[in-house]
Amino acid sequence: MLHLISVVFVVGSFLLFGSLRLLKMRGMPEKERAACALPVVQAAFRRTLRAAGVTVEAEGLENIPEKEAVLFVGNHRSCFDVVIGYTLVKGPTGFIAKKELGRFRLLRRWMEALGCRFLDRDNVKQNLKVILAAIKDVKEGRSIWIYPEGTRSEEDELLMLPFKDGSFKIAEKSGCRIVPVAMHGTRNILEADFPRIHPTHVRVKIGEPVQLLELSEEERQQIGEYMREKLRGYLRELREEQE
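As numbered in the working numbering, residues 466 to 708 make up the sequence shown, in order.
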């Protein structure tokens, strides 16, 4: 319970006192605002992980480009996936998130500052606009992070939900590369024994960037399944190495 209290304190303090920083960013162009918001959020999320007793071991950090917008693709097991993800990126990055997160005003303001986009699972027309906006973001130099499963998986991490192909249009239409990111162990932090937070060692594997044009036509047509199998392979490696 002590870890939960510590995390709530850190996150609450960030959302409350960080609002002053948001005010200073008001009126900035989107790209400049995202660049200013990122280091603030990264520092807050590192403190959050320390408060939770979470350590992260990342393999393949060199596969994250420093001056190139990409489409990050990850497996989704925990709300801590996003927290860890932001500590890894090297430039402005927006997550595609469910619209429900936008109901929390302070959280939404920070997410908007970072360039996050909100999906409504029940509104196909609105979701198309989100994908088009994300394509524009990437073309302008801001990376996008997606979870193609669409929601957090509660099954064994190797039994990932089917990947939705629509979000891969971001890479297809922008021409950006896809960076696969597999996270092993994040569900053990909170979701496995909610609301208790457990100190956890999380292992991350970041794969080499994938260029769609270098794939076969069949692989491009089934890009969701192709990336799903790639992530599943990384997760299997991480699990075997841990055992």
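In this text, a Cβ means the ideal position worked out from N, Cα and C, and glycines have one as well.
Predicted model only: the values in this text are computed from it and were never measured.
Rounded to a whole number of angstroms, what is the C-alpha to C-alpha distance between Lys555 and Ser608?
10 Å
Ala747 - DSSP class collapsed to helix/strand/coil
The structure shown does not extend to residue 747, since the chain is modelled only from 466 through 708, so no value can be given for it.
Please look up how many angstroms separate the CB atoms of Arg542 and Arg617, rounded, as I've assumed it's under 8 Å.
6 Å
Neighbourhood of Cys581 by C-beta, 6 Å cutoff - its chain only, sequence neighbours within 5 removed
Gly559, Phe560 and Ala562
Below 8 Å on the Cβ atoms is my contact criterion, and I expect Val595 with Leu584 to pass it. Report the Cβ-Cβ distance as a whole number of Å.
6 Å
Considering Cα atoms alone, identify which of Arg652, Val646 and Glu531 is closest to Cys544.
Arg652
In this structure, how does DSSP classify Glu740 when only helix, strand and coil are distinguished?
The structure shown does not extend to residue 740, since the chain is modelled only from 466 to 708, so the question has no answer here.
Let me know the beta strand (DSSP E) ranges lying completely inside the segment 569-602, each 3 residues or longer, listed in chain order.
582-584
Classify Glu497: buried if its beta carbon has 16 or more other beta carbons within 10 angstroms, exposed otherwise.
exposed
Please name the residue in Gln707, Glu522, Phe537 and Ser471 whose C-alpha comes closest to that of Ala509.
Ser471
Note the first and the last residue of the continuous alpha helix (DSSP H) segment covering His649.
Not the alpha helix (DSSP H): His649 falls in the beta strand (DSSP E), residues Ile643 to His649.
Per DSSP, Ser608 forms a beta bridge with which residues?
Thr558
For Ala523, the first and last residue of its enclosing beta strand (DSSP E):
Thr520 to Glu524
Spell out a yes or no on whether the segment 668-676 and the segment 516-533 are touching, meaning 3 or more CB-CB pairs, one atom from each, closer than 8 Å.
yes
Which residues in the same chain have their Cβ closer than 6 Å to the Cβ of Arg701, if we skip the five residues on either side of it in sequence?
none
Which class does Lys489 belong to by DSSP, given the choice of helix, strand or coil?
helix
Could you check which residue in Gln687, Lys634 and Pro664 has the C-alpha nearest to that of Arg536?
A small correction: the amino acid at residue 536 is Leu; Arg does not occupy that position in the sequence shown. Minimum Cα distance to Leu536 is reached at Lys634.
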